[in-house]
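Note that UniProt numbering has the sequence shown beginning at 1, numbered continuously upward.
A virtual CB, placed ideally from N, CA and C, is assigned to each residue, including glycine.
What you are looking at is a predicted structure, and each value in this text was computed from that prediction instead of being measured.
Written out below as structure tokens is the structure these notes cover.
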Amino acid sequence: MAVKVLVEWWRWCSSIALILTVVFGTVHGGNVTYDGRSLIINGEHKILFFGSIHYPRSTPEMWPDLIAKAKEGGLDGIQTYVFWNLHEPQQGQYDFSGGRDLVKFIKEIQAQGLYVTLRIGPYIESEWTYGGLPIWLHDIPGIVFRSDNEPFKLHMQNFTTKIVDMMKSANLFASQGGPIIASQIENEYGNVQRSFHKNVWSYVKWAAEMALGLKTGVPWIMCKQDDAPGEVINTCNGMQCGTTFKGPNSPNKPSMWTENWTSFYQAFGGEPYLRSAQNIAYNVALFVAKKGSYVNYYMFHGGTNFDRVASAFITTAYYDEAPLDEYGLVKEPKWGHLKQLHAAVKSSSESLLYGTQTIASLGKQQNAYVYKRDSGGCAAFLENSDASGVTIQFQNDSYHLPPKSISILPDCKTVAFNTANVSVQTKARTMKSQIQLNSAEKWKLYKESVPNFDDTSSRENKLLDQISKAKDTSDYLWYTFRFDDKSGNANSVLRVDSQGHVLHAFVNGVLVGSAHGNHKNVSFIMEKNVNLIQGRMNNISLLSATVGLPNSGAFLERRVAGLSAVNVGGRDFTNEPWGYQVGLLGEKLQIYTASGSSKVQWESFQNCTTPLTWYQTTFDAPVGKDPVALNLGSMGKGQAWINGQGIGRYWVSFHTPKGTPSQKWYHIPRSFLKPTQNLLVLHEEESGNPLAITLDTVTYE
1 MAVKVLVEWW
11 RWCSSIALIL
21 TVVFGTVHGG
31 NVTYDGRSLI
41 INGEHKILFF
51 GSIHYPRSTP
61 EMWPDLIAKA
71 KEGGLDGIQT
81 YVFWNLHEPQ
91 QGQYDFSGGR
101 DLVKFIKEIQ
111 AQGLYVTLRI
121 GPYIESEWTY
131 GGLPIWLHDI
141 PGIVFRSDNE
151 PFKLHMQNFT
161 TKIVDMMKSA
171 NLFASQGGPI
181 IASQIENEYG
191 NVQRSFHKNV
201 WSYVKWAAEM
211 ALGLKTGVPW
221 IMCKQDDAPG
231 EVINTCNGMQ
241 CGTTFKGPNS
251 PNKPSMWTEN
261 WTSFYQAFGG
271 EPYLRSAQNI
281 AYNVALFVAK
291 KGSYVNYYMF
301 HGGTNFDRVA
311 SAFITTAYYD
321 EAPLDEYGLV
331 KEPKWGHLKQ
341 LHAAVKSSSE
351 SLLYGTQTIA
361 SLGKQQNAYV
371 YKRDSGGCAA
381 FLENSDASGV
391 TIQFQNDSYH
401 LPPKSISILP
411 DCKTVAFNTA
421 NVSVQTKART
431 MKSQIQLNSA
441 EKWKLYKESV
451 PNFDDTSSRE
461 NKLLDQISKA
471 KDTSDYLWYT
481 FRFDDKSGNA
491 NSVLRVDSQG
501 HVLHAFVNGV
511 LVGSAHGNHK
521 NVSFIMEKNV
531 NLIQGRMNNI
541 SLLSATVGLP
551 NSGAFLERRV
561 AGLSAVNVGG
571 RDFTNEPWGY
581 QVGLLGEKLQ
591 IYTASGSSKV
601 QWESFQNCTT
611 PLTWYQTTFD
621 APVGKDPVAL
631 NLGSMGKGQA
641 WINGQGIGRY
651 WVSFHTPKGT
661 PSQKWYHIPR
671 SFLKPTQNLL
681 VLHEEESGNP
691 LAITLDTVTY
701 E
């Protein structure tokens, strides 16, 4: 009988939650304010669940389905960053086309009846190259990023104003009838503010006043900024904001959680971070029990770091363990368990928002958070923070609480949801091989040339910083020099000190060694014994590669990459004449495109193990609608393109401590594909076997 009552109660809760989603999810526009309890939309207090979906980490064709699945999962809105370097790659030249169409993305969210939180930044971190800042800022004279520095403030204000004006022109702020109910200025500045000493408060105050002066008609927030000034709301980021958040810095501001990390970013060479559905649900329930009224899942869909947008050492797949995986498929039990949590909280919302909170101890590590209304409504959150299960007494009834869990009682009697009890069936992701690219006749190759000093036109009598020289136009920078070895010792030691990230060393056109850093320590030293030609000029060509630019920390404009010292046979060449070449010839000619491919002479395939080799083939799209992934498990390190569109960096040879690649499947969005004759181009830095590459489809079973 008890089970039947619980089932009926759950059905009622789910139906109420659905009604609330349908009714209130479509109510946009009007006044958005706040008080110490929550955001207030059109005069109604709200408990809101949001999920981060970043428009450039998916495709416009994927947006409707991703948003629909977020809504079906019980979310009230979508949160996204704005990616400055994506939209203003050159100073004063803006791009909001295709997958950069921010307005289109927000309008799709609005069409599906959800709200938007727009995190303008414009510094965003987000494991995005250079933290979202455009590389041209680096060359502004006298600039100091994210500080009380006039050049930086000028450009920051210009871009922020540009975005706000765009939103206003499209009537997208709630004050205009649109879905945007809040915006964010800056991003986790509290992590770095001590580095700026006396300039800290003046910059924070300026940023807040600048944002408020744009008069959007909706609240502004600052995440991880305990001293957010004036009307700006300080918010929490992390996995345990119910425990770690100090709370709003004013009794008139609501408690908001802008980043609840559903997993964590993954770096090449690192294992994926697995966070359970139970752990996420427990911490959300605790936050809500402690008067939290806004929770955003970062990420709800992580997506793909296409092309070269990932920051240093970050994998191409982003937050693949989110409730919606990289391909946009539902990941169970995470998605379903959180959907049930949202329904249980929504069914308690009237008491949570308008009731009086009391906290009662039920044991050493057990508490009851009870909300009672004068009208008689009541909701309770029964918490067990112990690692062992326990049975407690609450209002003369017994309740069993599993280890580290919270039970939600929307009427203070019946358990509608427990964070540790997962009723959703777990499903495993299956990669099904559909097409094997094992025909040598269909593959062609082109060997990238190794430039010598005489081949270069850019010269300096010193080693240059790679970031300053390459300006993010390529991952690659050739450092070349030549010398006549008169030491009488044909066997010498080549030592290269690098500040990141990867090095391939060639002596007289022959590869003599490679080395690389890692996400935690980008710098490294390579020492190799090399054979030199006595009495003749020797050419040393050093290919330095970045794997994304840094994205976090103070004074980002001072960060460097590339070579810092070079020594051969005891002789220091650091301040000798150097010749430079930015990028590869294949990149310059864009041989990964159909038109650029004809600019070089491709060779027939052979079992080639030489580094710096380009491969190309064609294939027909796999039948059906399932997502498609390229299995590059047989390759080393490089980049991949489909019909001229970059699907990201791959680095299969960099294994985790468990001896496996961090990522070997690479997402090919269906919208990138034609029915037939799709052009696949790979640039392989190391060596690999393209005949073992397969095209797979992705399902859950």
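Under 8 Å between C-beta atoms of residue i and residue j
i    : j    : result
R482 : N538 : yes
S398 : A420 : no
K528 : A554 : no
Y273 : M299 : no
T617 : L437 : yes
V288 : L352 : yes
T262 : Y297 : yes
D49  : L66  : Contrary to the premise, residue 49 reads as Phe rather than Asp in this sequence. Taking 8 Å as the Cβ cut-off, F49 and L66 do not qualify as a contacting pair.
L286 : G242 : yes
A322 : H301 : yes
F654 : F417 : no
C236 : Q184 : no
G638 : L682 : yes
K674 : A621 : yes
L338 : L382 : no
L532 : A515 : no
K334 : A277 : yes
Y81  : G113 : no
L463 : P254 : no
L212 : G190 : no
Local Cβ density within 10 Å of residue i, reported as buried at 16 or more and exposed below that
i    : result
R571 : exposed
N171 : exposed
H28  : Residue confidence is low: H28 scores 49 on pLDDT, short of 50, so the model does not pin down where it sits. No coordinate-derived value is stated.
F245 : buried
V22  : Its pLDDT being 37, under 50, V22 is placed unreliably by the model, and the measurement read from it follows with that caveat. V22 comes out exposed.
V150 : As written in the sequence, residue 150 is Glu, which differs from the Val given in the question. Exposed.
V623 : exposed
S468 : exposed
Q366 : buried
S349 : buried
F96  : exposed
T694 : buried
D696 : buried
L154 : exposed
H400 : exposed
N521 : exposed
Y94  : exposed
S595 : exposed
E686 : buried
Distance cut-off 7 Å: residue i Cβ against heavy atoms of the ligand ZN
i    : result
S492 : The ligand ZN is absent from the structure shown, which contains no ligands of any kind.
N-terminal and C-terminal residue of the beta strand (DSSP E) that residue i is part of
i    : result
Q393 : V390 to F394
W478 : Y476 to D484
Y399 : D397 to L401
E127 : That residue, E127, is in no beta strand (DSSP E); it is neither H nor E in DSSP.
S458 : S458 to E460
V32  : V32 to Y34
L463 : Counting along the chain, L463 falls outside any beta strand (DSSP E), and DSSP gives it neither H nor E.
I40  : L39 to I41
Span of the alpha helix (DSSP H), counted from its first residue to its last, around residue i
i    : result
N283 : A277 to A289
N85  : W84 to H87
S468 : Q466 to A470
Q157 : E150 to S169
A629 : Per DSSP, A629 belongs to no alpha helix (DSSP H); it is in the beta strand (DSSP E), V628 to N631.
K104 : L102 to A111
DSSP beta-bridge partners of residue i
i           : result
Y700        : R429
S492        : V530
K447        : T613
L382        : A368 and S407
R119        : Y81 and Q184
residue 738 : It is not possible to answer for residue 738, since the shown part of the chain is limited to 1 through 701.
Open item on the list: Which complete beta strand (DSSP E) runs does the segment 566-600 hold, if anything under 3 residues is left out?
Closed with: 578-582
Task: Contained alpha helix (DSSP H) runs [length at least 4] in the segment 205-292, N- to C-terminal order - done: If only uninterrupted alpha helix (DSSP H) runs of at least 4 residues are considered, those enclosed by the segment 205-292 are 241-244 and 277-289.
Task: Whole runs of the beta strand (DSSP E) within the segment 341-378, excluding any shorter than 3 residues - done: 356-363 and 366-372
Task: Complete runs of the beta strand (DSSP E) confined to the segment 636-694 [at least 3 residues] - done: 637-642, 645-651, 665-668 and 678-684
Open item on the list: So within the segment 499-556, which uninterrupted beta strand (DSSP E) runs reach at least 3 residues, ignoring any that extend past its ends?
Closed with: 502-507, 510-516, 524-531 and 537-545
TODO: Give, in chain order, every unbroken run of the alpha helix (DSSP H) that is at least 4 residues long and sits entirely within the segment 43-88.
DONE: Within the segment 43-88, complete alpha helix (DSSP H) segments of at least 4 residues are found at 63-72 and 84-87, given in chain order.
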